[in-house]
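Heads up, the sequence shown is in UniProt numbering, so the first residue is 1 and it goes up one at a time.
Backbone N, C-alpha and C define an ideal beta-carbon position, used for all residues, glycine too.
A quick write-up on the structure given underneath.
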Amino acid sequence: MEITAPPKTTHGEARGPQDNREAGETGEAPVAVPTPDEAEAALVRRRRREAAALLGEFRRTAVLVPLGEDGSPLTADFGGIRWIHTFSDESALARFAIARGEGSRRWTYDRALGARLLDVVIPAMPTPYGVALDAGTEGEGALFPPVRGIVPDAAAVDAEPPGSPAPGTNRRDENAESAR
């Protein structure tokens, strides 16, 4: 019969049964460390939730829509989209006016629910329109582009044309099946 000494710790002391762990183990459940892909996916999910919350709040809120000299909503062109300027309050509109060098001008505006702008006004426009909220307010503005999920599909620039296959289907495969 052979007798062996208990394994030694890194400090040369004998380990007892409670110390019979591999180096680095604590006996507690391991903590999962997200991989870069998992962390990025979690960040994307969080930002989508934040964007959905912001969109929901905008849809429920009456915003100021400044009017041009002809009485139509004040707009700007950017990235092939025409953007209707909207503001959460008069101070945000004032910051915008000052940034444009028009702080002394008398601004007329309408009030409209965000939902009305996105669901009624945008679809009635002849070209792609989006909504810019609080332009000129550093770090607090938002853009609501004319895409699915924000405006009705009929006004969305990313909507599928009528008669196109549903997402995830392949019309070529369907034709091959029917030819057999």
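If you run the structure through DSSP and keep just helix, strand and coil, what is residue i?
i, result
"Pro-146", "coil"
"Val-157", "coil"
"Gly-114", "helix"
"Val-120", "helix"
"Val-44", "helix"
"Ala-53", "helix"
"Ala-132", "strand"
What does a CB cutoff of less than 7 Å around residue i pick up in its chain, not counting 5 residues either side in sequence?
i, result
"Ala-97", "Gly-103, Arg-105 and Trp-107"
"Leu-118", "Arg-59, Val-131, Phe-144, Ile-150 and Val-151"
"Ala-154", "Pro-123"
"Glu-160", "none"
"Thr-127", "Arg-82"
"Ala-53", "none"
"Ala-23", "Confidence at Ala-23 is low in this model, with a pLDDT of 48, below 50, so the placement of that residue should be treated as unreliable; the coordinate-derived value is given next. Correct list: empty, nothing qualifies."
Are the CB atoms of residue i and residue j nearer to each other than 8 Å?
i, j, result
"Leu-67", "Tyr-109", "yes"
"Arg-148", "Ala-156", "yes"
"Glu-99", "Gly-139", "The residue asked about is misnamed: residue 99 is Ala in this sequence, not Glu. No."
"Val-121", "Phe-87", "no"
Measure from the alpha carbon of residue i to the alpha carbon of each residue in the options, then state which is nearest.
i, options, result
"Ala-92", "Val-65, Val-121, Asp-70 and Ala-42", "Val-65"
"Glu-57", "Ala-115, Ala-39 and Leu-43", "Ala-115"
"Ala-112", "Pro-146, Arg-82 and Thr-61", "Thr-61"
"Trp-83", "Arg-46, Met-125 and Glu-50", "Met-125"
Excluding the 5 residues flanking residue i on each side, which residues of the same chain have their C-beta closer than 6 Å to its C-beta?
i, result
"Arg-48", "none"
"Ala-94", "none"
"Leu-55", "none"
"Val-31", "none"
Who are the Cβ neighbours of residue i in its own chain at under 8 Å, not counting the five residues just before and after it?
i, result
"His-85", "Val-65, Pro-66, Pro-73, Leu-74, Thr-75, Ala-76, Phe-96, Ala-132 and Ala-135"
"Pro-36", "none"
"Asp-158", "Val-147 and Arg-148"
Query raised in the report: Fully enclosed by the stretch 55-101, which beta strand (DSSP E) runs are 3 residues long or longer?
Result: When DSSP assignments are scanned along the stretch 55-101, the uninterrupted stretches of beta strand (DSSP E) that are 3 or more residues long and fall wholly within it turn out to be 62-66, 75-78 and 81-86.
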